[in-house]
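**Q** This is the structure I want to talk about, given as structure tokens.
Numbering (this note's numbering), first residue to last: 44 to 921.
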């Protein structure tokens with residue numbers, strides 16, 4: 044029979060697949076001899092079985108009972124016994140950190156009898172016992188019984204008035220317990236369950252169920268966490284931070300997760316349980332303040348932080364509780380961090396000798412680098428500062444103020460930039476946090492829910508802005524000096540400084556972009572860290588990095604950003620604007636002579652375009668795709684033409700154009716007369732472009748043109764065009780590779796034949812994805828992709844990250860069969876996937892020679908190509 048339960052003494056940090064991140068790390072800390080309350084973990088396999096079968100797996104209850112008995116024996120108390128109760132916490136713990144997305148229930152084992160026993164344990168501290176009991180009912184009611192949490196919050200707020208929750212005495216808390224039990228009875232029709240084992244059993248199932256809660260699904264989608272992992276459940280003996288002022292709870296990081304700077308970083312809250320810190324219900328004190336409150340626990344915590352960072356060789360995120368002067372470790376994990384912190388910490392750890400440069404490159408990601416390239420506020424612009432909070436997650440965010448997640452999503456869907464303003468966020472605010480450009484709270488510290496989740500998403504966040512009074516129901520907040528900001532007003536928040544400004548503050552390029560542009564030497568410590576890691580990634584990577592660029596300006600920027608050539612130069616962009624007139628003449632030509640005149644007029648313009656691009660690339664290869672779209676895309680809109688042709692001022696040309704548009708109209712142009720088909724049907728069109736390329740190359744020393752034929756589905760199509768192209772190149776004395784874009788499934792499946800006529804393949808994965816899936820990208824993304832994501836049909840849009848199972852298989856087949864037929868075949872990718880980090884790793888694995896992407900994404904591609912090579916090397920050595 045499968046083993047579903049492991050004691051903390053049985054596991055280690057390498058068992059995250061089975062024990063989840065929290066359980067594996069609790070086991071690791073236990074093995075290190077650190078002060079961890081005893082407990083056990085129910086595996087994620089049990090969760091998967093539960094979710095699949097709809098019931099607790101056979102044998103699980105018996106295993107849990109056995110481990111609970113062992114825990115009771117170790118603690119010398121029984122769960123919930125009246126005179127001397129053992130209490131436990133039930134906490135989720137997935138393989139990947141999902142802060143606040145799943146459920147936790149503390150103080151399990153309390154009822155009307157055991158609450159008196161708990162008070163006796165605490166030396167007659169009735170207030171502590173009743174506070175713990177009300178917390179259990181509140182958490183259990185919301186988490187397990189599905190009761191609206193606001194009902195409990197309103198009851199608590201009514202009782203407190205303007206006081207803190209710590210000001211309530213035992214009698215008031217006992218009355219609150221009765222109020223809470225009444226809420227449970229009214230909302231569920233049943234009494235709060237008094238049986239401690241029933242409490243624990245229901246809590247475990249609630250944690251299992253929370254894996255598929257809407258906010259957890261949304262978070263997994265945002266973070267690209269697989270939906271089939273399930274969560275482990277950790278059951279641990281309770282330790283109490285709410286005994287009084289000699290107790291408390293906190294969160295600590297071994298380095299600043301916002302900036303990466305070394306030092307003491309975290310929050311502490313006296314007389315509180317762990318959820319109070321992350322919920323931000325009371326403002327915390329900085330961790331260094333613990334030194335003056337409890338020097339012994341403070342020194343012990345710093346020692347443990349050093350042990351953990353050296354053991355994990357990374358920034359560690361720690362949760363701890365102090366119970367009457369005794370320090371307990373409740374959790375550790377490799378901490379989430381901002382993009383800036385990730386780059387700084389990676390190089391710091393190298394300098395400390397904890398990791399190698401190879402490891403450092405794998406510790407940062409292309410997504411994080413992209414965040415560092417986002418704009419920042421212009422320091423010289425006029426600003427009206429209205430308040431300042433904690434700089435929880437850096438960046439510059441500007442938008443309209445909203446006070447609910449629902450409104451944030453609504454306005455974002457309408458194309459508006461918004462700033463979500465809350466007293467404090469909770470996990471139910473995730474959709475609004477994703478939709479917003481930034482998050483602003485008046486409560487909470489740097490380890491509150493808002494701060495932790497925003498950092499993980501790379502979202503700008505200012506929290507704990509105590510000067511603000513947020514009136515959520517009235518949809519406004521007030522700031523010092525009589526400033527009132529209502530919903531819809533624009534504010535700007537600086538997550539780097541914590542400053543809040545009224546109105547829109549202009550933004551400028553980040554220092555990292557300025558570095559890539561070559562504007563200055565890397566002097567800033569962050570830019571130096573980026574420079575070091577980028578240089579090492581470039582040394583490590585096998586993949587070349589090219590740009591999708593159609594103009595000399597784009598080509599020049601690509602070179603500055605580290606591009607090693609152009610992988611896709613679209614020539615259709617060169618037929619727009621004033622040149623539409625010449626395309627119209629080509630379409631309207633009724634004789635060979637008229638058609639040739641139109642082509643002759645276009646050729647010098649094309650030549651000039653190519654000269655500029657060749658000069659900008661300065662000897663780097665330039666892959667030029669011959670014209671791809673159907674010709675009617677260059678003609679006036681059929682509706683506009685119809686209206687104009689019906690007027691008295693219509694010319695003969697207007698009427699002829701209307702007839703041509705109607706003649707060329709196709710029900711599905713995607714599958715119609717375009718690409719190579721257009722070149723074969725309109726004599727001289729491709730020849731004109733090849734001649735312009737060749738003549739331009741002759742005038743630019745060192746130019747390296749590569750001619751790409753689009754939309755080839757059969758080798759015969761390519762052979763017909765190639766023959767003419769090779770002849771023109773020979774006449775002009777120019778050398779150029781002639782190849783094709785693989786964007787039709789048939790081309791991928793017959794790649795061995797096509798490679799006989801092609802010197803290179805470039806995978807056009809935008810069109811290949813559309814044709815493989817039967818999707819029209821322009822139509823389907825807004826029509827039903829969100830539903831597909833909700834249903835788990837997609838983990839991520841196949842246009843955003845390459846569908847490795849389907850489209851990727853076509854790429855792999857084409858690469859293998861093409862190279863088998865022509866061993867020196869060059870292989871690249873020029874769809875938007877060329878700049879997607881996950882897709883770049885696939886391109887490395889499948890053996891492509893280069894990826895091509897937009898100029899701004901080139902640094903991301905360089906870094907990810909290096910990471911792919913280093914991760915591949917690391918896996919080969921294991």
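Note that the Cβ used here is the ideal one computed from N, Cα and C, for glycine as well.
1. Strictly by DSSP, which residues pair up with residue 894?
2. How many Å lie between residue 599 and residue 665 at the Cα?
3. From residue 799 to residue 860, what does the alpha carbon distance come to, in whole angstroms?
4. Of the residues 608, 457, 528 and 811, which one's Cα is nearest the Cα of residue 446?
5. Can you tell me where the beta strand (DSSP E) holding residue 409 begins and where it ends?
6. Relative to the C-alpha of residue 538, which residue among 230, 414 and 759 is closest?
7. In chain order, what are the residue ranges of uninterrupted alpha helix (DSSP H) at least 4 long that sit wholly in the segment 58-126?
8. I think residue 309 touches residue 437, with their Cβ atoms under 8 Å apart; what is that distance to the nearest whole Å?
9. Closest to residue 638 by C-alpha separation, out of 570, 692 and 725, would be which residue?
10. At 4 residues or longer, and completely inside the segment 591-668: list those alpha helix (DSSP H) runs for me, N to C.
11. From the DSSP secondary-structure annotation, give me the bridge partner or partners of residue 353.
12. In this structure, does DSSP put residue 809 in helix, strand or coil?
13. Can you tell me whether residue 827 is buried or exposed, with buried defined as 16 or more other CB within 10 angstroms of its CB?
14. Write down the C-beta distance between residue 226 and residue 194 rounded to the nearest angstrom, noting that I regard them as a contact closer than 8 Å.
15. Rounded to whole angstroms, what's the CA-CA distance from residue 699 to residue 630? Just pull it up for me.
16. Do residue 129 and residue 177 have their beta-carbon atoms positioned less than 8 Å apart in this structure?
17. According to DSSP, is residue 574 part of a helix, a strand, or is it coil?
18. Out of 140, 179, 577 and 890, which one is the CA nearest neighbour of residue 318?
19. With 16 other CB atoms within 10 Å as the buried threshold, where does residue 379 fall?
20. By a C-beta neighbour count over all protein chains shown, 10 Å radius and 16 as the cutoff for buried, is residue 212 buried or exposed?
21. Have a look at residue 403 and residue 123 and give me their C-alpha separation to the nearest angstrom.
22. Quick one: Cα of residue 829 to Cα of residue 457, how far?
23. Report buried or exposed for residue 834, applying the criterion of at least 16 other Cβ atoms within 10 angstroms of its Cβ.
24. Reducing DSSP to helix, strand and coil, say where residue 916 ends up.
25. Short of 6 Å in beta carbon distance, which residues of its chain neighbour residue 882, apart from the five on each side in sequence? Order them along the chain.
26. Go ahead and label residue 472 buried or exposed: buried means 16 or more other beta carbons lie within 10 angstroms of its beta carbon, across all protein chains shown.
27. Sort 94, 663 and 250 by Cα distance to residue 277 and report the nearest one.
28. Rank 739, 416, 916 and 651 by C-alpha distance to the C-alpha of residue 900 and give the top, closest one.
29. Could you pull out every unbroken alpha helix (DSSP H) segment of at least 4 residues lying fully inside the segment 713-794, listed in chain order?
30. Considering residue 536, what are the terminal residues of the beta strand (DSSP E) in which it resides?
31. Using 8 Å as the threshold, is the C-beta distance between residue 240 and residue 234 below it?
32. Is the number of C-beta pairs between the segment 375-392 and the segment 570-583 that are closer than 8 Å three or more?
33. Comparing alpha-carbon positions, which option in 145, 127 and 406 lies nearest residue 164?
34. Whole beta strand (DSSP E) runs in the segment 463-492 with 3 or more residues, listed along the chain?
35. Report yes if the C-beta distance between residue 140 and residue 376 is below 8 Å; otherwise report no.
36. The alpha helix (DSSP H) that contains residue 394, what's its start and end?
**A** Concretely, from the data shown:
1. DSSP output for residue 894 lists 588 and 872 as bridge partner(s).
2. Taking the straight line joining both Cα atoms gives about 12 Å.
3. Their backbone Cα atoms lie some 11 Å apart in a straight line.
4. When only C-alpha atoms are compared, the closest one is 528.
5. Per DSSP, residue 409 lies in no beta strand (DSSP E) segment; the continuous alpha helix (DSSP H) that holds it begins and ends at 409-415.
6. Comparing Cα-Cα distances from residue 538 to each of 230, 414 and 759, the minimum goes to 414.
7. Whole alpha helix (DSSP H) segments, 4+ residues: 59-74, 87-96 and 103-118.
8. Contact between residue 309 and residue 437 does not hold, since their C-beta atoms are separated by about 18 Å, which reaches or exceeds 8 Å.
9. Checked all of 570, 692 and 725; the closest Cα to residue 638 is 725.
10. Listed in chain order, they are 595-603, 623-631 and 635-660.
11. DSSP output for residue 353 lists no bridge partner at all.
12. Under the three-state reduction of DSSP, residue 809 is assigned to helix.
13. Per the 10 Å Cβ criterion, exposed.
14. Rounded, the Cβ-Cβ distance is 5 Å, consistent with contact.
15. Roughly 10 Å separates the two Cα atoms.
16. No.
17. If DSSP states are grouped into helix, strand and coil, residue 574 belongs with the helices.
18. That would be 179, whose Cα lies nearest to the Cα of residue 318.
19. With 16 or more Cβ atoms within 10 Å of its Cβ, residue 379 is classed as buried.
20. Residue 212 counts as exposed, since fewer than 16 other beta carbons sit within 10 angstroms of its beta carbon.
21. Residue 403 and residue 123: Cα-Cα distance of roughly 49 Å.
22. Counting only the Cα atoms, residue 457 lies some 15 Å from residue 829.
23. By the neighbour-count criterion, in which a residue is buried when 16 or more other Cβ atoms sit within 10 angstroms of its Cβ, residue 834 is exposed.
24. DSSP, reduced to helix, strand and coil, places residue 916 within a helical segment of the structure shown.
25. Closer than 6 Å at the Cβ level, and outside the excluded window around residue 882, lie 844, 845 and 876.
26. Here residue 472 is buried, its C-beta having at least 16 other C-beta atoms within 10 Å.
27. Between residue 277 and the set 94, 663 and 250, the nearest pair of CA atoms involves 250.
28. Of 739, 416, 916 and 651, the residue nearest in Cα terms is 416.
29. DSSP runs (the alpha helix (DSSP H)) wholly in the segment 713-794: 719-724, 728-742, 758-775 and 788-792.
30. Taken as a continuous stretch (DSSP letters only), the beta strand (DSSP E) holding residue 536 covers 533-537.
31. With contacts defined by Cβ atoms closer than 8 Å, residue 240 and residue 234 do not form a contacting pair.
32. Segments in contact, yes.
33. Considering only 145, 127 and 406, the residue with the shortest C-alpha distance to residue 164 is 127.
34. Entirely contained in the segment 463-492, the beta strand (DSSP E) runs reaching 3 residues are, in chain order, 481-484.
35. Contact flag set, yes.
36. It spans 382-394 - the alpha helix (DSSP H) in which residue 394 sits, taken as one unbroken run.
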